[in-house]
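> Can you keep this structure in mind? I'll have questions shortly.
In our numbering, the protein residues as written are 391 to 522.
See below:
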């Protein structure tokens, strides 16, 4: 039996096919897993993701990851609401960090603890955890 609540968004893809929950034809694939069983995964469309996840707005999440990130020097930045987000490389260019400021580019920056192998992985993380 498939749980009807508390699914977590793990990935968004521009794919197609059919929703595994309702069977409808979908344009965007929202890949979910359930916290009670990490092996249980499902791919759904934009309507089912709204009812299966606690607080996911699929349009906001999709826009956050696929939207236009500006590039300056070696980092990417984007303003979303009151926050300015940056994704930048480590000094050795091996990993990428995420930071944000509530006060624009000249404000104080808060750096997240995790490093990412690629800027797209950092964008994916932000779409799952900070774009809702």
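From the three backbone atoms N, C-alpha and C, an ideal C-beta is built for every residue, glycine too. Note that the coordinates shown come from a computational prediction; the quantities given were computed from them, not determined experimentally.
Just the C-alpha distance for residue 474 and residue 433, rounded to the nearest angstrom, thanks.
Rounded to the nearest angstrom, the gap between the Cα atoms of residue 474 and residue 433 is 31 Å.
> Counting along the chain, where does the beta strand (DSSP E) carrying residue 398 start and finish?
398-404
> Is residue 522 helix, strand or coil when you go by DSSP?
Caution applies to residue 522, whose pLDDT of 44 falls short of 50 and renders its modelled position unreliable; the value that the coordinates give is listed next. Reduced to three states, the DSSP call for residue 522 is coil.
> Restricting to Cα atoms, I'd like to know which of 409, 480 and 400 is closest to residue 436.
Considering only 409, 480 and 400, the residue with the shortest C-alpha distance to residue 436 is 409.
> Does the contact criterion of 3 or more C-beta pairs under 8 Å hold for the region 500-507 versus the region 458-470?
no
> Which residues mark the beginning and the end of the beta strand (DSSP E) in which residue 429 is found?
427-434
> If you check the beta carbons only, do residue 425 and residue 466 fall under 7 Å apart?
Against a cut-off of 7 Å, the Cβ pair of residue 466 and residue 425 comes out as no contact.
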